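In my numbering, the protein residues as written are 406 to 1043.
Glycine included, each C-beta is placed from N, C-alpha and C at the ideal position.
Predicted model only: the values in this text are computed from it and were never measured.
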Amino acid sequence: MSKVKITLPDGTVKDVDQGTTPLDIALSIGAGLARQTVAARLDDCQVDATTPIQQDSSLQLITLNTPEGLEIYRHSSAHLMAHAVKELFGNDVQVTIGPAIEDGFYYDFFCETHTFSPDDFELIEKKMAELASADLPIVREVMKRDDAIALFRGMGEDYKVELIQDLEVEEVSLYRQGSFVDLCRGPHIPSTKMLKAFKLTSVAGAYWRGSEDNAMLQRLYATAFPDKKELKKYLARLEEARKRDHRKLGRELDLFSFSDEAGAGLVIWHPKGAMLRTLLENFEREEHLKRGYELVVGPQILRTELWQKSGHFDNYRENMYFTEVDGQSYGVKPMNCLAHMLIYKSKRRSYRDLPQRYFELGMVHRHEKSGVLHGLLRVRGFTQDDAHILCTPEQLDGEIKGVLKFIQDVMGVFGFEYELELSTRPDKSIGSEEDWGRATAALQSALDDTGLPYDINEGDGAFYGPKIDIKIKDALDRKWQCATIQCDFTLPERFDLTYIGSDGEKHRPVMLHRVILGAIERFVGVLIEHYAGNFPLWIAPVQAKVLNVTDNQAAYAQQVCDQLRQQGVRVQADLRNEKLGFKIREAQMEKVPYMLVIGDKEMDAGTLSPRHRSGETLDPVNPAEFAAFVKEECRQYR
RNA sequence: GCCGUUGUAGCUCAGCUGGUAGAGCAGCUCACUCGUAAUGAGCAGGUCGUCCGUUCGAUUCGGAUCAACGGCUCCA
């Protein structure tokens, strides 16, 4: 039998019989390694661990403890779930696709006779466990395209047939385990026995191939881990995340509410929530002024003709609210740019005036589809920390970098990690190909210069220009777009914005649309989850609560409270005739940073005894000292 | 907008197959004057999301509608 040379990642070369599999090699190194091996990289291509090696190659075993290995494991888990569902529901269900995703996997089924519900989960999990313990080998099979089509057509799997028909290849690969067969590129784990810890988590509707024109499928979400302990840990983390849900905390902390009577997606800010957002807004105004922006304010409604001129009417109408009075139609603004352009246009501009940076905390309204509303994270009326920068083409690069730096500074204050994405021209858009090219190149080169990693999101730009999106994560690791920078050559054209250059000629400025927090509403929602409601002192709506031990100190406690308030501390007094333990418990549940205890000792000494919400009690201080301490903490955004 | 689920007191929830509703917490009143996460007793609180239908009778069954929730599509 002929031999082949296998080069391992550490440089070791093994001489083995032709037809040896990666799994054999793993086994030759150790049984533990073999148990961990889910697949392999052969000359840098993913293959099954059971693939016979035919020629000299480099080999890297893919083990379960790597992200790549876990993904393959979960993909195999998806097959196992589909297998179980087919066993249980037979030809009533058709299989479609089932990939691994972050934290788990899903599988989409078409089924008209049964609607999956959580009541089915246990049954499916039981069947999965049964199939897993049956130790079914998972076998790859390569088939001519037409043969595969015939096979799946014979099984009544119309969706699989459609998938294969759209593949422009001669051969396709299938994976079999027991009676179950699925079209799949692979690779997969060697046997079902490896699958030990999985759990169905939810069921939801999903469109076939992600298009709302297609059939609605039933998607079963599930997760899988190498062992039960890790699965349990993951489920506990989910539970923990649910506790921080901003909708739950928003009510418990009395920050905001929604009202059926007012309308869906319209936030009603209670005093503490309004204080929180006001503090953010004040922070924003200061930071913008520091960076050479000017504060402006535009009207809430503008004549419909203006929206026609801007292109919003043609491209964004279905998301807008309109109102008609005295035969004149107005559009409620979904964006703030129009007024800003009117400000620019209100007089002749010289190149010496540029860049013009207009900042507005602008309230906009967008008629979002009913099914997308989600607490504060997706609403119909929201406040953007919006700015439009009008500059010369030469200034563009510097301005984009300035905004990227601004974003970095602000996210640093809150301790957010974020991801960057560059979104390019969508199908529905205005402007010339050339302008889109210049705008996209400008964003890309600024991004490249920062050295930060970013993804490209083809066709996901705004209708008037490409954009850089910044996404931050909520407690459940869902990503939310907050900051965005959009480069626009088109609206300046439509509004005939000009400046006089050094050559005395008219030139066209470029406009950057950008937000930093994105929407105050959304940002507050993400912040609540980020801090689990334990806001740092500088944005805590109530920074301290004065608690007296008995009625005897009520007058002094009130006096302390007044004094602290005079010195800028956001303080409340709880002078009720209740036990101290009870009042502390309440303040604790309100997540107030400091409880200021006042008993006879403090009253006699003219002090107060702070207790931090962490449980730490501090030495008594006088009110002026405490106010100074709060002021210094806030100055450092703590 | 689409698929699925849900909608009972301020909050969290109970209420079998149709005979107009309960608990805990919160609230109010009273007593207790108390030192770092719940003092005790009493009282009050709901046209059972809304509308229509079936029925002698609907919180319970059917339909519509609104909203919320989990996703999809879309988006700050």
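Close-in-space but distant-in-sequence residues of the same chain around residue i (CB under 7 Å, 5 per side omitted)
| i | result |
| --- | --- |
| Leu-857 | Leu-825 |
| Asp-790 | Glu-689, Leu-766, Val-920, Ile-921, Leu-922, Ile-925 |
| Ile-944 | Leu-681, Leu-684, Leu-685 |
| Arg-545 | Asp-453, Ser-578, Tyr-580, Gly-591 |
| His-519 | Phe-494, Asp-497 |
| Arg-762 | Gly-697, Tyr-698, Glu-699, Ala-792, Ile-794 |
| Asp-840 | Phe-894, Thr-895 |
| Gly-930 | His-651, Gly-780, Leu-781, Leu-782 |
Same chain only: Cβ atoms within 6 Å of residue i, ignoring 5 sequence neighbours per side
| i | result |
| --- | --- |
| Ile-861 | Leu-827 |
| Asp-377 | Any property of residue 377 remains undetermined from this structure, which presents the chain solely from 406 to 1043. |
| Pro-946 | Lys-677, Met-680, Leu-681 |
| Ser-462 | Leu-447, Asp-448 |
| Lys-878 | Lys-884 |
| Ala-553 | Ile-569, Val-577 |
CB-CB length for residue i against residue j, believed under 8 Å
| i | j | result |
| --- | --- | --- |
| Pro-542 | Ser-482 | No, Pro-542 and Ser-482 are not in contact; Cβ-Cβ is about 16 Å, not under 8 Å. |
| Ala-959 | Leu-980 | 5 Å |
| His-484 | Gln-582 | 7 Å |
| Cys-887 | Leu-917 | Not quite, the Cβ-Cβ distance comes to about 17 Å (not below 8 Å), so this is no contact. |
| Val-418 | Lys-408 | Actually they do not touch by this definition, with Cβ atoms about 11 Å apart. |
| Leu-781 | Glu-926 | 5 Å |
| Asp-854 | Lys-806 | 7 Å |
| Ala-444 | Ile-430 | The pair is not a contact, with the Cβ atoms about 13 Å apart (cut-off 8 Å). |
| Ala-1010 | Pro-1025 | 6 Å |
| Pro-798 | Arg-771 | Not really, about 31 Å apart at Cβ, beyond 8 Å. |
| Gly-670 | Arg-843 | Not confirmed; about 37 Å, so no contact. |
| Gly-1065 | Tyr-869 | Outside the displayed span of the chain (406 to 1043) sits residue 1065, for which this structure offers no information. |
| Ile-594 | Ile-477 | 7 Å |
| Ser-1014 | Val-1002 | 4 Å |
Helix, strand or coil at residue i [DSSP, three-state]
| i | result |
| --- | --- |
| Gln-459 | coil |
| Ala-937 | coil |
| His-912 | strand |
| His-651 | helix |
| Val-808 | helix |
| Asn-862 | strand |
| Thr-606 | strand |
| Ile-569 | helix |
| Asn-720 | helix |
| Pro-592 | coil |
| Val-701 | coil |
| Pro-897 | helix |
| Pro-871 | coil |
| Phe-727 | strand |
| Leu-348 | This structure gives no information on residue 348, because the portion of the chain shown stretches from 406 to 1043. |
| Arg-753 | coil |
| Asn-957 | helix |
| Gln-733 | strand |
| Gly-416 | coil |
| Pro-1025 | coil |
| Glu-765 | strand |
| Thr-709 | helix |
| Phe-787 | strand |
Opposing strand residues paired with residue i [DSSP bridges]
| i | result |
| --- | --- |
| Trp-885 | Ile-877 |
| Thr-442 | Thr-468 |
| Ser-828 | Asn-862, Lys-872 |
| Trp-613 | None, per the DSSP bridge assignment. |
| Ala-436 | Paired residues: none, contrary to the question. |
| Cys-516 | Val-498 |
| Ala-978 | Val-951 |
| Val-452 | Ala-445 |
| Ala-627 | Phe-510, Leu-605 |
| Arg-919 | Ala-792, Ile-890 |
| Met-1008 | Looking at the DSSP assignment, Met-1008 forms no beta bridge with any residue, so it has no partner. |
| Val-547 | Ser-578 |
| Ala-388 | Lying before the first or after the last residue shown, residue 388 is absent from the chain, which here runs from 406 to 1043. |
Residues near residue i in its chain [Cβ-Cβ closer than 8 Å; skip 5 each side]
| i | result |
| --- | --- |
| Gly-561 | Asn-496, Gln-499 |
| Leu-493 | Leu-528, Ile-529, Lys-532 |
| Arg-649 | Ala-880, Ile-933, Glu-934, Ala-937, Gly-938 |
| Gly-668 | Arg-785 |
| query | Should the region 951–968 be regarded as contacting the region 902–912, the criterion being three or more beta carbon pairs within less than 8 Å? | reply | no
| task | Report yes or no: do the region 423–443 and the region 568–587 share at least 3 C-beta pairs separated by less than 8 Å? | result | no
| query | How do the region 508–516 and the region 606–622 stand: do at least 3 beta-carbon pairs fall below 8 Å, yes or no? | reply | Taking a cut-off of 8 Å on C-beta distances, the region 508–516 touches the region 606–622, as three or more cross pairs fall below it.
| query | So, do the region 962–970 and the region 932–942 have three or more beta carbon pairs nearer to each other than 8 Å? | reply | no
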